[in-house]
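See structure below.
Numbering (the numbering used here), first residue to last: 148 to 419.
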């Protein structure tokens, strides 16, 4: 940052102290007797020395908004485990589980941020969520969970303020070795309710951290190394956080529903 060393930063003239970012990570991989266990541990911390931007006090409090937090420390954990079982005359069975946990910010009216921020994350668990949760995330409107407004950021890309549970089973029948059938179930939750000036810590939404649940089926046919065909479908049921936001937004003149979103897809992949 520019300015004289030790000068307190302001929005008009940046001070002399540097902003700092520290990134920590550890990856563990293990396989034994047909099973596997993978673990990823990550953390980010540092200081963002910008002061409150003018005009933000009304919406963010005297200490500024998310991007202006002066101190931050986020942590995340990702676990993936499964087992490959070969049963004579039946085929291959592969049950698996997935667990993701990442800290969220407790309040954006304080000059600290405990939220975990991934770098170029591609953790987009689920069937529908994986296809539509882009780098910027998606809102409930994109998931069909909210008609015309309300909640945003319902899509999960990365582990910022998330607790994710997943489980599934893949089956390859012995009679059709090119066919793999799969079933998946996912639960998406906020790790922490983030208080704001308009939604204080004692607000009615505090207990609603469940973003939604997704369940679906897939079928993949591997014709050859270069040709693959896939079919599937899934349903996303909006959770309590979405429903609470919708209840708060609904008025006498408008009503927004919380119907589940449904997806059916077909993929055809050719490598040249």
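Ideal placement from N, C-alpha and C gives every residue a C-beta, glycine not left out.
Only a predicted model underlies this, so the values are computations on that prediction, with no experimental measurement involved.
Determine the contact status of residue i and residue j, defining contact as a CB-CB distance below 7 Å.
{"i": "residue 369", "j": "residue 418", "result": "no"}
{"i": "residue 427", "j": "residue 181", "result": "Nothing about residue 427 can be read from this structure; the chain reaches only from 148 to 419."}
{"i": "residue 275", "j": "residue 410", "result": "yes"}
{"i": "residue 218", "j": "residue 194", "result": "yes"}
{"i": "residue 225", "j": "residue 166", "result": "no"}
{"i": "residue 361", "j": "residue 323", "result": "no"}
{"i": "residue 364", "j": "residue 413", "result": "no"}
{"i": "residue 179", "j": "residue 254", "result": "no"}
{"i": "residue 271", "j": "residue 262", "result": "no"}
{"i": "residue 315", "j": "residue 331", "result": "yes"}
{"i": "residue 236", "j": "residue 319", "result": "no"}
{"i": "residue 228", "j": "residue 244", "result": "yes"}
{"i": "residue 305", "j": "residue 317", "result": "no"}
If distances are taken between C-alpha atoms only, which option among the options comes closest to residue i?
{"i": "residue 267", "options": "252, 250, 307", "result": "307"}
{"i": "residue 375", "options": "269, 367, 381", "result": "367"}
{"i": "residue 321", "options": "179, 220, 224, 233", "result": "233"}
{"i": "residue 408", "options": "393, 388, 380, 391", "result": "380"}
{"i": "residue 222", "options": "236, 190, 246, 247", "result": "190"}
{"i": "residue 405", "options": "169, 235, 278, 359", "result": "359"}
{"i": "residue 249", "options": "220, 387, 393, 169", "result": "220"}
{"i": "residue 246", "options": "392, 388, 335, 259", "result": "335"}
{"i": "residue 383", "options": "373, 259, 357", "result": "357"}
{"i": "residue 302", "options": "312, 313, 317, 278", "result": "278"}
{"i": "residue 313", "options": "371, 373, 269, 242", "result": "242"}
{"i": "residue 340", "options": "415, 183, 389", "result": "389"}
{"i": "residue 415", "options": "385, 386, 371", "result": "371"}
{"i": "residue 192", "options": "310, 169, 393", "result": "169"}
{"i": "residue 327", "options": "355, 240, 393", "result": "240"}
{"i": "residue 355", "options": "171, 260, 391", "result": "391"}
Identify every residue that forms a DSSP beta bridge with residue i.
{"i": "residue 312", "result": "246, 334"}
{"i": "residue 357", "result": "336"}
{"i": "residue 188", "result": "173, 224"}
{"i": "residue 393", "result": "Answer is none; residue 393 lacks a bridge partner."}
{"i": "residue 238", "result": "234, 320"}
{"i": "residue 362", "result": "332, 382"}
{"i": "residue 167", "result": "194"}
{"i": "residue 369", "result": "375"}
{"i": "residue 326", "result": "368"}
Just reading off the beta strand (DSSP E) that residue i is part of, what are its end residues?
{"i": "residue 218", "result": "218 to 230"}
{"i": "residue 275", "result": "It is not in any beta strand (DSSP E) - residue 275 instead sits in the alpha helix (DSSP H) that spans 275 to 279."}
{"i": "residue 379", "result": "374 to 385"}
{"i": "residue 409", "result": "408 to 417"}
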